[in-house]
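Numbered according to the UniProt record's numbering, the sequence shown spans residues 1 to 163.
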Amino acid sequence: MIRPARPDDVPVIHGMIRELAEYEKEPDAVVATEQDLHTALFGPDAAVYAHLAEHTGSDGTPVAAGFALWFRNYSTWTGRHGVYLEDLYVRPELRGHGYGQALLRNLARICVERGYTRLEWSVLDWNLPAIGFYETLGSTPMDEWTVRRLDGDALAALGSEKG
Numbered sequence: 001m002i003r004p005a006r007p008d009d010v011p012v013i014h015g016m017i018r019e020l021a022e023y024e025k026e027p028d029a030v031v032a033t034e035q036d037l038h039t040a041l042f043g044p045d046a047a048v049y050a051h052l053a054e055h056t057g058s059d060g061t062p063v064a065a066g067f068a069l070w071f072r073n074y075s076t077w078t079g080r081h082g083v084y085l086e087d088l089y090v091r092p093e094l095r096g097h098g099y100g101q102a103l104l105r106n107l108a109r110i111c112v113e114r115g116y117t118r119l120e121w122s123v124l125d126w127n128l129p130a131i132g133f134y135e136t137l138g139s140t141p142m143d144e145w146t147v148r149r150l151d152g153d154a155l156a157a158l159g160s161e162k163g
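So this is what it looks like as structure tokens:
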């Protein structure tokens with residue numbers, strides 16, 4: 001089952017974000033707190049969304065299998081919004097059971113229903129299992145595009161310069 005995240009899901013989602021950071025070999029990179037995540041998802045200026053994939057545990061209760069965290073972007077070329085998938089994660093012991101595909105299918109359905117024209121995300125070059133999975137869905141790599149980032153001291157320096 002795929003459902004929108006609720007405020008009481010924040011600790012579970014935050015835990016899976018930490019698991020994802022470990023998988024991506026960046027365990028110390030997560031500095032966001034549960035409160036940060038709660039504010040981003042449910043605060044007065046919330047602009048981030050999350051969906052959970054649940055499966056039935058051995059005791060019959062729902063257990064989080066994975067999550068998708070996303071936000072709307074905008075294409076000046078199409079004149080429409082799209083979805084940027086920030087994180088897609090399925091717990092290792094539950095991979096291969098269709099949860100990742102169900103989460104992506106849910107986001108694709110949101111795009112179609114709302115008239116959004118794109119569903120985009122980034123994947124690490126070394127993550128061949130994920131790349132292979134994404135290719136089975138019909139996604140295409142954006143080979144001519146390179147992701148750029150400003151953060152830390154470079155962001156502070158550019159943001160504080162008087163122009």
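Cβ coordinates follow ideal geometry from the N, Cα and C atoms, glycine included.
The beta carbons of glutamate 26 and valine 10 sit no closer together than 8 Å. Between tryptophan 77 and the set Pro129, Thr136 and Arg118, the nearest pair of CA atoms involves Arg118. Here DSSP, grouped into helix, strand and coil, assigns glycine 57 to coil. DSSP places histidine 14 within a helical segment (H, G or I) once states are collapsed to three. DSSP, read as helix, strand or coil, puts aspartate 87 in strand.
Rounded to the nearest angstrom, the gap between the Cα atoms of isoleucine 13 and phenylalanine 67 is 7 Å.
Non-local beta-carbon contacts of histidine 51 in its own chain, meaning distances under 7 Å to residues more than five positions away in sequence, involve Ile2, Arg3, Pro4, Ala5, Phe67, Ala68, Leu103 and Asn106 in chain order. Shown here, proline 92 sits in a helix according to DSSP, grouped into three states. In the three-state reduction of the DSSP assignment, arginine 80 falls in the strand class.
Collapsing the DSSP output to three states places leucine 128 in a helix.
As DSSP reads the structure, phenylalanine 133 sits in no beta bridge.
For serine 75, the enclosing beta strand (DSSP E) covers residues 62 to 75.
In this structure, the beta-carbon distance from glycine 115 to arginine 80 falls below 8 Å. In this structure, glutamate 120 and tyrosine 89 do not form a Cβ contact; the two beta carbons are roughly 17 Å apart against a cut-off of 8 Å.
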